[in-house]
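K.L.:
Using this note's numbering, you'd call the opening residue of the sequence shown number 29 and step up by one each time.
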Amino acid sequence: MKQLNKILIAVVLIIGLNAQAQDSKNPWAVSFGMNALDTRTSAGGGSSFLDSHFSDALSVKKNWNIVPTISYIGVSKYVGDNFSIGLSASFNKVSKYVSLVNSNYVVSNPGDVTFYGIDANVKYSFQTLIKSKVIDPSISLGLGYSVLGDNTYQTVSPGAGVVVWVSENIGLELSSKYKKSFESREFNSHFNAPSMLQHSVGLVIKFGE
């Protein structure tokens, strides 16, 4: 797996370094990196929606599920007026599952359950609006499917992110999205189809047609 990761990084960097510099001639982008999943957001409790879903969003060591390898990849195409459309796929293993038990949040291991997700995304970039050549903030909306263990369910994923362009073609990408499930979170005290926060960090490469 480590050798595959090195090969993938090398190939994508070569593509990026040989691409044209102008954005108008580089409508395509690929991204890859690591993702983290947090089930705390749908455990319940809290005094309000924000408190319930986001009050403990940065408890990395306690709540986040991370696999130490490339765990997401995406491809997108610029379609004009600061919009781009794309597809993304990710995988993870859930070993930290947060539940609300007697008004207390309890973290348990459901058995290193495998997660797979695929989304179709629409993204709007604010880079031209803020007139920056380096900082590229954006908002996005995705529709897709998630698979957690034996459970498959639909999700809608509003999100936000930022790309810091270290060259005209290569950038560092940070993003977060709320993967909202339309199914029951738990069934008979077992995990089923939770909503989750998904955070990603990685590289994005622009290239031409």
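Ideal Cβ placement from N, Cα and C applies to all residues, glycine included.
1) Which residue from Val58, Gly230, Phe111 and Ser204 puts its Cα closest to that of Leu157?
2) Can you round the beta-carbon distance between Ser166 and Ala188 to whole angstroms, since I take them to be within the 8 angstroms contact cut?
3) Going by other Cβ atoms of all chains shown within 10 Å of its Cβ, with 16 needed for buried, is Pro96 buried or exposed?
4) Ser223 to Leu200, Cα distance in whole Å?
5) Per DSSP, His227 forms a beta bridge with which residues?
6) Look at the alpha carbon of Tyr100 and the alpha carbon of Phe119, and state the distance between them as a whole number of angstroms.
7) Assess, as a yes-or-no matter, whether the segment 56-64 is touched by the segment 175-184 under the definition of 3 or more beta carbon pairs within less than 8 angstroms.
8) Given this structure, state the Cα-to-Cα distance separating Ser176 from Val141, to the nearest angstrom.
9) Going by other Cβ atoms of all chains shown within 10 Å of its Cβ, with 16 needed for buried, is Asn197 buried or exposed?
10) Should Leu225 be labelled buried (16 or more other beta-carbon atoms within 10 Å of its own) or exposed?
11) On the DSSP letters alone, give me the boundaries of the alpha helix (DSSP H) that Ile158 sits inside.
12) So what does Trp56 bridge to, in DSSP terms?
13) Residues in its own chain within less than 6 angstroms of Tyr106 by CB, not counting five upstream and five downstream?
14) Classify Leu78 as helix, strand or coil using the three-state DSSP reduction.
15) Please return the same chain residues whose Cβ sits closer than 7 angstroms to the Cβ of Ala38, not counting the five positions on each side in sequence.
16) Taking all protein chains shown into account, do 16 or more other C-beta atoms lie within 10 angstroms of the C-beta of Ile163, making it buried, or fewer, making it exposed?
17) Can you grab the Cα-Cα spacing for the pair Ser160 / Ser87, in whole Å?
18) Can you check which of these residues, Ser123, Ser185 and Ser127, is closest to Ala117 by C-alpha distance?
19) Rounded to a whole number of angstroms, what is the C-alpha to C-alpha distance between Ser228 and Ser204?
20) Taking the C-alpha atoms as reference points, what is the distance between Leu78 and Lys151?
21) Kindly identify the DSSP beta-bridge partner or partners of Trp250.
P.N.:
For this structure:
1) The option with the nearest alpha carbon to Leu157 is Phe111.
2) The C-beta separation of Ser166 from Ala188 comes to about 7 angstroms, placing the pair in contact by the 8 angstroms criterion.
3) That one is exposed.
4) Between the alpha carbons of Ser223 and Leu200 lies a distance of about 26 angstroms.
5) DSSP, once it has assigned bridges, lists Ala64 and Ser204 as partnering His227.
6) As the crow flies, the alpha-carbon of Tyr100 is around 7 angstroms from that of Phe119.
7) Because the criterion of three Cβ pairs below 8 angstroms is not met, the segment 175-184 and the segment 56-64 do not touch.
8) It should be noted that the sequence gives Leu, not Ser, for residue 176. About 7 angstroms.
9) The residue in question, Asn197, is buried, as its Cβ has 16 or more Cβ neighbours within 10 Å.
10) Around the beta carbon of Leu225, a 10 Å sphere encloses 16 or more other beta carbons of the protein chains shown; the residue is thus reported as buried.
11) Unbroken alpha helix (DSSP H) run through Ile158: Gln155 to Ile158.
12) Lys105 and Phe235, per the DSSP bridge assignment.
13) Answer for Tyr106: Pro55 and Ser112, listed in chain order.
14) The DSSP-derived three-state label of Leu78 is helix.
15) For Ala38, the predicted structure reports a pLDDT of 46, less than 50, and the residue's modelled location is therefore unreliable. The matter cannot be settled from this model.
16) With fewer than 16 other Cβ atoms from the protein chains shown falling within 10 Å of its own Cβ, Ile163 counts as exposed.
17) Put simply, the backbone Cα of Ser160 is about 32 angstroms away from that of Ser87.
18) Answer by Cα proximity: Ser185.
19) Spanning the two alpha carbons is a distance of roughly 6 angstroms.
20) When rounded, the distance between both Cα atoms is 23 angstroms.
21) A question about residue 250 goes unanswered here, because the residues of the chain that appear run from 29 up to 237.
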